[in-house]
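So the structure is just underneath, and the comments pick up after that.
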Amino acid sequence: GTVCLSLLDEEKDWRPAITIKQILLGIQDLLNEPNIKDPAQAEAYTIYCQNRLEYEKRVRAQARAMSHQEL
């Protein structure tokens with residue numbers, strides 16, 4: 001999917017000194033507090049606004065599914 005993270009946008013907050021750790025922490029923050037002013041995923045945004053518990057359930061399920069995939 002698409003990640004709408006200002007750290008990755010050259011016209012916003014991107015700097016060559018940004019570390020992988022900062023990017024991953026930024027993505028983690030988006031999972032906890034999505035950017036409702038600039039949603040990258042319309043379906044996820046709608047679920048987040050209408051049913052926060054369902055949103056959190058789906059995020060956990062995706063995290064579990066991705067953690068079991070081979071790299």
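When you line the sequence shown up against full-length UniProt numbering, it's residues 1 to 71, in that order. Every residue gets a Cβ at the ideal spot worked out from N, C-alpha and C, and that includes glycine. Note that the structure is a prediction, hence the values are computed from the model and not measured.
* Residues of its chain near Tyr55, where Cβ-Cβ distance is below 6 Å and the 5 sequence neighbours each way are ignored -> Here residue 55 refers to the residue found at position 55 when the sequence shown is read from its first residue. Contacts found: Ile47 and Tyr48.
* Take Thr19 and list the residues in its own chain whose beta-carbon comes closer than 8 Å to its own, dropping the five residues that flank it on each side. => For the purposes of this step, residue 19 is taken as the residue at position 19 of the sequence shown. If we look at Thr19 and ignore the five residues flanking it on each side, it has no Cβ neighbours.
* What residues in its chain sit with their C-beta under 6 Å from that of Pro34, if we drop five residues either side in the sequence? -> Working through the sequence shown from its first residue, we reach residue 34 at position 34. Closer than 6 Å at Cβ, skipping near neighbours: Tyr48.
* **For Ile23, three-class secondary structure by DSSP** => For the purposes of this step, residue 23 is identified with residue 23 of the sequence shown, where counting begins at 1. Look at Ile23 here: in three-state DSSP terms it is helix.
* **CA-to-CA distance, Leu31 to Leu25, given in whole angstroms** => Locating residue 25 in the sequence shown gives position 25, counting from the first residue. Locating residue 31 in the sequence shown gives position 31, counting from the first residue. Note on geometry: alpha-carbon atoms of Leu25 and Leu31 lie some 10 Å from one another.
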